[in-house]
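Peer 1:
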Amino acid sequence: MSVQAMMEGMAAEALQELNLDFGIRACFTPPDAPHRWCIEFSYPSSAPGGRVFLVSVRWGDGSTYESVKADLKQALKARSPVKSD
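Okay, so the sequence shown: first residue is 1125 according to my numbering, each after it adds one.
#1: Quick check on DSSP: helix, strand or coil for R1149?
#2: Measuring alpha carbon to alpha carbon, tell me which of M1125, A1157 and C1162 ends up nearest R1149.
#3: Assuming L1200 and L1139 form a contact by the criterion Cβ under 8 Å, report the distance between their Cβ atoms to the nearest whole angstrom.
#4: Which residues mark the beginning and the end of the beta strand (DSSP E) in which L1178 is found?
#5: Could you have a look at S1166 and say whether DSSP puts it in helix, strand or coil?
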């Protein structure tokens, strides 16, 4: 499995665990930040090419799948129209 596929899978898991209806549009590593992943999400009511937002998470030395997913979930909660505990 490629790292990109793993990050897309992690994003899908995070959305499901948080019961959020955002769509995943893109997943990439910026050329100037090799330890950072950016995931572009679309809002549920967004038409193709409509409103999107970008979440960036760091996967550096000492990071684990679960720690990166926790950071991703925290960033997604901040974008959620319904705040959860």
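Ideal Cβ positions, reconstructed from N, Cα and C, are used throughout, including at glycine.
Peer 2: A quick look at the data gives this:
#1: strand
#2: Taking only the C-alpha atoms, the option nearest R1149 is C1162.
#3: In this structure L1200 is in contact with L1139, their Cβ atoms being roughly 7 Å apart against a cut-off of 8 Å.
#4: For L1178, the enclosing beta strand (DSSP E) starts and ends at V1176 to R1182.
#5: Of the three classes helix, strand and coil, the one that applies to S1166 here is strand, per DSSP.
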